[in-house]
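With the sequence shown counted from 1, adding 1 to any position gets you my numbering. Glycine included, C-beta positions come from ideal geometry on N, C-alpha and C. All figures in this text were calculated on a predicted structure; none of them were measured in a lab.
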Amino acid sequence: QEFDNIITVGASNEFDRANYSSYGAGLDILTEGGSLDNPVLSTVKDGVGMMAGTSVAAARATGVVSLVWAANPDLSYRQVIDIFKLTAVDVKTPGWDAETGAGLLNAIAAIELAKKTTPQDYTPFSWVAPFTWDGEGKVTPSDRAASGGNTLATAAVQPDPNFSDSDTVDVNNREKYYEVTIEQPGYLRYTVTRTNGTEWLPSVEWLRTDGKPVSRQFSFAPTGISGGAAGGGGDANSTSMTRGIFVEPGTYYLKTSLVNSYQSPEFWLDPPVQYTTVQNYDLSTAFIPDLPATFSGAAQFKTPDGQRVAELNISSLVNYDPANPDSAKVQYWLDVSEPGNLTLKIGSSADKIGLLAKKIIGQGDANSEGQILFSSGAIRPDQAQSLQLLNLNKGRYLLEVYPRRGSNNQPFIQPFTINGFFSRQAPNPGEGQVPSNAGTFAKTVTSNGVDTHYYANGYLSVQPSGYATWYTYGAGVPLPTISGATQPGASVPPFSTLGLGTPTPVTNVPPDYAGNSFNQARNIGVLNGTQTFQDFLGDADPSDYYRFELNNDS
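So this is what it looks like as C-alpha cells:
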C-alpha cells in the first residue's frame with residue numbers, strides 16, 4: 002500500500018477467509034462477506050437486501066470505522082487502523098498472515114479500545130513538496146521500470162508476481178532476469194510476445210537458487226512421474242508463447258535469453274549466418290493461488306451427484322456413446338488443504354478401464370487448465386490395481402474414469418468400482434507432536450479418516466479434525482478396566498473355574514504390549530504349553546505382531 006490512510010479488507014466465511022476473497026502481503030483484516038449459499042444483510046441498490054462478496058465486507062468495515070470514531074472523535078486515522086488490528090480475532094497462523102491479515106474484525110472490542118485510547122496528533126509524511134512555479138507547470142510522465150537486470154545479482158525485483166515488462170535482449174545484453182516472491186502454493190504462468198518486427202522469440206525459463214525444484218514435484222507409485230520447469234522460446238513461427246508451472250512458496254527468477262537463430266540452406270557446405278541479433282519482447286506473468294473448497298479436515302472428495310465424502314467406496318457405470326464419447330467420463334473431485342498422499346484402487350469386471358488424475362488451476366472446473374499427473378487405460382478386468390499419487394499439496398484435483406473404447410464403435414455400458422482415501426504426510430521426527438527420538442518412519446495407515454503414522458519407537462494418531470496424539474511403544478498405554486478381566490502382572494485362573502474344560506497351569510500375564518509392525522513384533526520365544534498376553538486394538542492401533550518359534554515339544 003502506497004498510502005497510509007487505506008485499510009485493505011478481505012471477506013471471511015465464518016472463521017476463515019472466504020474462497021472468493023483475494024489475499025496477499027497487503028491484507029489488513031477480514032470481516033463477514035457471506036457466500037452464495039449463505040448471503041448476509043447489506044445495502045442493495047437504494048435499500049437493503051441479502052448479498053455476498055468483498056463489497057459487503059468493505060462496507061461493514063467502513064461502518065465499524067464510523068462507530069469507532071463516534072466513540073472517540075479525536076483519534077487519528079492511524080490510531081483507528083491500529084485499533085482494528087489490535088482487537089482483531091486471530092485465526093489460523095498466529096499473528097499476521099497473508100491469508101487472514103490480522104484476523105477477524107471485532108467491532109465491540111474495537112469500540113471499547115477506542116474509548117480507552119488517548120488521541121494523538123499524526124502528521125503524515127509529505128509525498129509531494131510543491132515549488133512555486135512560474136508560468137505553465139509541466140509534468141513529464143514516466144513508467145515504473147520493471148525491466149530485467151543483466152545478471153541474477155541484479156535481477157529486477159517485482160513487488161507482485163503479476164507483472165509486465167517490455168524489454169530487449171541483444172548481442173551486448175544477452176540475458177535479462179526478474180525476481181518474484183511466491184507466498185503460497187499456486188500456479189505461475191508467463192506469456193512472452195515478440196514485438197517491433199522481431200523475427201524470433203527469446204527463450205524463457207524459471208530458475209531457483211536455493212537448490213529446491215523449480216516446479217512442484219508430484220510422483221506416482223508404482224511408476225514415477227514428475228513435473229518439470231516450463232520453458233520455451235526460440236520460435237520463429239509463433240508471435241507469442243505461454244507456459245506455466247505449479248509452485249511452492251519461495252523466490253523465483255524468470256530469465257529471458259537471446260536465441261542464436263541461424264539460417265543457411267546449405268549448412269553442410271557454408272558456415273551458418275546469424276540473421277537476428279536483437280529480440281524485442283513483451284513479458285507478462287500471472288499467479289493463481291491454489292484454492293480448494295472450504296471444509297474441515299485434510300481432504301474431501303466430491304462425487305458426481307455433489308455429495309462430499311471423506312473416502313471413495315463407489316460402484317458405478319460408464320455409458321459409452323460413439324456419437325458423444327466425452328459423455329462417458331465419470332468425474333470425481335478431491336479438495337486438499339494439507340500435504341499428503343492419495344491412494345486409489347479402480348477396476349472393472351467387463352473390460353479395461355481408464356483413470357486420469359489432474360491438478361486444476363485455482364478453483365476451475367473439469368475443462369480448466371491444469372497438470373495431468375497420471376493417465377492410464379490399461380487397468381485389466383478383475384485386476385484392480387492400487388495406485389498412489391504422492392506429495393499432493395493444497396489445491397483441487399480431478400479424478401476421471403473413462404472406458405476403453407471398443408473397436409466396433411458400438412454403444413456399451415461398463416461397470417467399475419473405485420476406492421480412494423487421502424493420508425496426511427507423516428511429520429519428520431522433531432516436528433509437531435512427533436518427538437526427536439521417534440526413530441525411522443515406517444508407514445501410514447488410514448482408516449475412517451484417522452491417520453496413524455508408525456515410527457520405530459512409537460506412532461502418531463491424527464484425528465480427522467487434525468488433533469494429534471503421540472504414543473511411545475512400551476510406555477504403558479492405559480487400558481480400560483473390565484469386570485472379571487485379567488490385569489497385567491496378575492494370574493490367569495484355571496480354565497476349570499471358568500467352565501471352559503481341562504484345567505491349565507497358572508500363567509503370569511506379561512505387562513507390555515506387542516508392536517504394530519514386523520520389526521516391532523513382540524518376541525515370545527519358543528511356544529511350550531500355554532502363554533497368555535493382554536493387549537488392545539483400535540483405530541490408532543489396528544494390528545499387533547507376535548514372533549515365536551516352534552520345536553518338537555511345542
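query	result
Cβ-based neighbour list, Y474, same chain, cut-off 7 Å, excluding 5 preceding and 5 following	N458, G459, G516 and Q521
Helix, strand or coil at G363 according to DSSP, with G and I counted as helix	coil
Residues of its chain near T210, where Cβ-Cβ distance is below 8 Å and the 5 sequence neighbours each way are ignored	L153, T252 and Y254
For Q372, the residue or residues it bridges with in DSSP	K360
Backbone secondary structure at S387 - three-state DSSP	strand
Closest Cα partner of T257 within the set T194, F423 and N73	T194
Cβ neighbour criterion (16 or more within 10 Å) applied to F537	exposed
Residues near G363 by beta carbon distance below 6 Å, same chain, minus five either side	I289 and L292
C-alpha distance - I419 paired with E249, whole-angstrom precision	30 Å
Inter-residue Cα distance where the pair is S67 and E339	39 Å
Through-space distance from N392 to D545, alpha-carbon basis	29 Å
Buried versus exposed, by CB contacts within 10 Å (16 or more), V1	In the structure as shown, the chain begins at 2 and stops at 555. Residue 1 is therefore absent and cannot be evaluated.
Inter-residue CB distance, F423 and T286 (contact presumed, cutoff 8 Å)	Contact doesn't hold; Cβ gap of about 31 Å is too wide.
Beta-bridge partners of D168, as assigned by DSSP	Y282
Cβ contact check for the region 196–204 and the region 307–319: 3 or more pairs under 8 Å	no
Sufficient close CB pairs (3 or more, under 8 Å) joining the region 54–64 to the region 324–334	no
Rounded separation between V158 and T101 - CA only	25 Å
CA-to-CA distance, F247 to L461, given in whole angstroms	30 Å
Straight-line gap, S328 to L388 (C-alpha atoms, nearest Å)	25 Å
Span of the alpha helix (DSSP H) around Q80	Y78 to T88
Status (buried if at least 16 other CB within 10 Å, exposed otherwise) for Q411	exposed
Below-8 Å beta-carbon distance, I362 vs any chain D residue	No chain D is present in this structure, which holds just one protein chain.
As assigned by DSSP and simplified to three states, the class of E312	coil
First through last residue of the beta strand (DSSP E) which encompasses K256	G251 to S258
Touching by the beta-carbon criterion (3+ pairs, under 8 Å), the region 107–121 and the region 60–79	yes
Where the alpha helix (DSSP H) through V451 begins and ends	First-last for V451: V451 to Y456, but that is the beta strand (DSSP E), not the alpha helix (DSSP H).
Inter-residue Cα distance where the pair is G34 and N197	46 Å
Counted within 10 angstroms of its Cβ, other Cβ atoms place K177 as buried (16 or more) or exposed	buried
Assumed close pair V65, A108 - CB separation to whole angstroms, cut-off 8 Å	5 Å
Helix, strand or coil at D584 according to DSSP, with G and I counted as helix	Only positions 2 to 555 of the chain appear in this structure, which leaves residue 584 out of reach.
Beta-carbon contacts of A486 that lie in its chain and below 6 Å, excluding the five residues immediately before and after	Confidence at A486 is low in this model, with a pLDDT of 44, below 50, so the placement of that residue should be treated as unreliable; the coordinate-derived value is given next. None.
Contact test: L208 Cβ vs the ligand ADP heavy atom, cutoff 7 Å	For the ligand ADP, the structure offers nothing, since it holds no ligand at all.
Residues bridged to D336 [DSSP beta-bridge criterion]	Q301 and R397
Boundaries of the alpha helix (DSSP H) in which R405 is found, first to last residue	Careful: R405 lies outside any alpha helix (DSSP H) and carries neither H nor E.
Spatial neighbours of L42 in its chain, beta-carbon cut-off 8 Å, leaving aside the 5 residues before and after	V49, G50 and M51
Residues of its chain near D75, where Cβ-Cβ distance is below 7 Å and the 5 sequence neighbours each way are ignored	P120
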